[in-house]
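*Asks:* In the numbering used here, the protein residues as written are 91 to 382.
From the three backbone atoms N, C-alpha and C, an ideal C-beta is built for every residue, glycine too.
1. Using a 10 Å radius around the Cβ and a threshold of 16 neighbouring Cβ atoms, would you call residue 279 buried or exposed?
2. What three-state label does DSSP hand residue 86 in the structure shown?
3. So the alpha helix (DSSP H) residue 190 belongs to, where does it begin and stop?
4. Leaving out five residues before and five after residue 341 in sequence, what residues of the same chain have Cβ atoms less than 7 angstroms from its Cβ?
5. Output the distance between the C-alpha atoms of residue 225 and residue 367, rounded to the nearest integer angstrom.
6. Give every residue of the same chain whose Cβ lies closer than 6 angstroms to the Cβ of residue 104, excluding the five residues on either side of it in the sequence, and list them in chain order.
7. Grouping DSSP H, G and I as helix and E and B as strand, with all else coil, what is residue 315?
8. Among the residues of its own chain, which have a CB less than 7 angstroms from the CB of residue 220, if the five just before and after it don't count?
9. Please report how far the alpha carbon of residue 84 lies from the alpha carbon of residue 369, in whole angstroms.
10. What do you get for residue 177, buried or exposed, if any count of 16 or more other CB atoms within 10 angstroms of its CB means buried?
11. Between residue 350 and residue 287, which are expected to be in contact by the criterion C-beta below 8 angstroms, what is the C-beta distance as a whole number of angstroms?
12. My guess is that residue 344 and residue 230 are in contact by the Cβ rule of under 8 angstroms, so how many angstroms apart are they, rounded?
13. In three-state DSSP terms, what is residue 106?
14. With C-beta atoms as the reference, is residue 318 less than 8 angstroms away from residue 237?
15. What whole-angstrom Cβ distance do residue 184 and residue 109 have, given they're in contact under 8 angstroms?
16. Measure the beta-carbon distance from residue 115 to residue 102 and round it to whole angstroms, keeping in mind my assumption that it falls under 8 angstroms.
17. Which stretch, first to last residue, makes up the beta strand (DSSP E) that contains residue 375?
18. Between the alpha carbons of residue 150 and residue 210, how many angstroms are there, rounded?
19. Which value, in whole angstroms, describes the spacing of the CA atoms of residue 170 and residue 158?
20. For residue 48, I'd like the list of residues in its chain whose CB is within less than 6 angstroms of its CB, leaving aside the five on either flank, ordered along the chain.
21. With H, G and I counted as helix, E and B as strand and the rest as coil, what does DSSP make of residue 291?
22. Excluding five sequence neighbours on each side, which residues of the same chain lie with their C-beta closer than 7 angstroms to the C-beta of residue 188?
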């Protein structure tokens, strides 16, 4: 594990944030862990940040001004070291700026600040994207935290008492995921009734992606209504993911998404990329909370 920063609230709620990727690797409330362990047998990450793209890029590349650049799924930020800008007992701000390494994949100037704070039973994030260059910055950002399943009573099975509740009713049809992780034009129907999705590990052959979701929060609810909630600001797309045999559930929020199958355009033409003007800034927020 890379070097980590620990922050702690007055009630004892704590978090550890790895400098690599500014990734939270622990969130404890009442002495109990609520972030996935990162067991490599199932998935070796905990809660990565995704930037400057979310999801897969067609052919594993992006195009900028007619040139192609290699781009891994979900971008490169999750594997790069951030530096500490400010730190207090209950908060830390971490920063990543463009470098020769990032420009070999993404030929733009940027600054990415991730502010992390804990308070009573909550883990809060404010993300600031800045365009420090002279050209428009095409970007997407996402957050991909995973949580133990089960985290309360019950079991990890179709009738184990776990479900996800959105704050608004959502459409039950989600896009199929095409070869290479791209968004297909076909859809499939999931057993979502209004705003409630009963969880069954077998439904997760791929992520369930809710493009342009109405909801600004979703709750991973266990037996007895104990819940892990995620509330978002300026993240229009939501997703739920696990593997059929993996003991975790990921709630995700994205500003962008994978390329659509057949896309061959420039990065700036990708239909979910944001374009940030030179000198511009954008703020995105995420809050995790434990609810009894």
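*Replies:* Walking through what the data contain:
1. Translated into the one-based positions of the chain shown, residue 279 becomes position 189. Classification for residue 279: exposed.
2. With the chain represented from 91 up to 382, any question about residue 86 goes unanswered, as that position is not in the structure.
3. Within the chain shown, the letter at position 100 stands for residue 190. 190-193 is the extent of the alpha helix (DSSP H) around residue 190.
4. Within the chain shown, the letter at position 251 stands for residue 341. Listed in chain order, the non-local C-beta contacts of residue 341 below 7 angstroms within the same chain comprise 235, 308, 310, 320 and 330, local neighbours out to five positions each way being set aside.
5. The residue you call residue 225 lines up with position 135 of the chain shown. The residue you call residue 367 lines up with position 277 of the chain shown. Going from the Cα of residue 225 to the Cα of residue 367 covers about 7 angstroms.
6. As a position in the chain shown, residue 104 is number 14, starting the count at 1. Answer for residue 104: 98 and 118, listed in chain order.
7. The residue given as residue 315 occupies position 225 in the chain shown. Three-state DSSP puts residue 315 in a helix.
8. Residue mapping note: residue 220 aligns to position 130 of the chain shown, counting from 1. Closer than 7 angstroms at Cβ, skipping near neighbours: 200, 201 and 371.
9. The chain is shown only over 91 to 382; residue 84 falls outside these bounds and no answer can be derived.
10. On the chain shown, residue 177 is found 87 positions in, with the first residue counted as 1. It counts as exposed.
11. As a position in the chain shown, residue 350 is number 260, starting the count at 1. As a position in the chain shown, residue 287 is number 197, starting the count at 1. The pair is not a contact, with the Cβ atoms about 24 angstroms apart (cut-off 8 angstroms).
12. Here residue 344 is taken as the residue at index 254 of the chain shown, counted from 1. Here residue 230 is taken as the residue at index 140 of the chain shown, counted from 1. By a beta-carbon distance limit of 8 angstroms, residue 344 contacts residue 230. Their separation comes to about 7 angstroms.
13. For the purposes of this step, residue 106 is identified with residue 16 of the chain shown, where counting begins at 1. Three-state DSSP puts residue 106 in a strand.
14. For the purposes of this step, residue 318 is taken as the residue at position 228 of the chain shown. For the purposes of this step, residue 237 is taken as the residue at position 147 of the chain shown. Closer than 8 angstroms, so yes.
15. As a first step, residue 184 must be located in the chain shown, where it is residue number 94. As a first step, residue 109 must be located in the chain shown, where it is residue number 19. Right, their Cβ atoms sit about 7 angstroms apart.
16. On the chain shown, position 25 is the one that residue 115 refers to. On the chain shown, position 12 is the one that residue 102 refers to. With 8 angstroms as the limit, residue 115 and residue 102 do not qualify as a contact, their Cβ atoms being about 18 angstroms apart.
17. As a position in the chain shown, residue 375 is number 285, starting the count at 1. Per DSSP, residue 375 belongs to the beta strand (DSSP E) from 371-381.
18. The count along the chain shown starts at 1 and reaches residue 150 at position 60. The count along the chain shown starts at 1 and reaches residue 210 at position 120. Inter-residue distance for residue 150 and residue 210 is about 41 angstroms (C-alpha atoms, whole angstroms).
19. On the chain shown, residue 170 is found 80 positions in, with the first residue counted as 1. On the chain shown, residue 158 is found 68 positions in, with the first residue counted as 1. Going from the Cα of residue 170 to the Cα of residue 158 covers about 21 angstroms.
20. Outside the displayed range of the chain (91 to 382) lies residue 48, so it cannot be described from this structure.
21. The residue given as residue 291 occupies position 201 in the chain shown. Of the three classes helix, strand and coil, the one that applies to residue 291 here is helix, per DSSP.
22. Counting from one through the chain shown, the residue named residue 188 turns up at place 98. Here the set comprises 198, 199 and 200.
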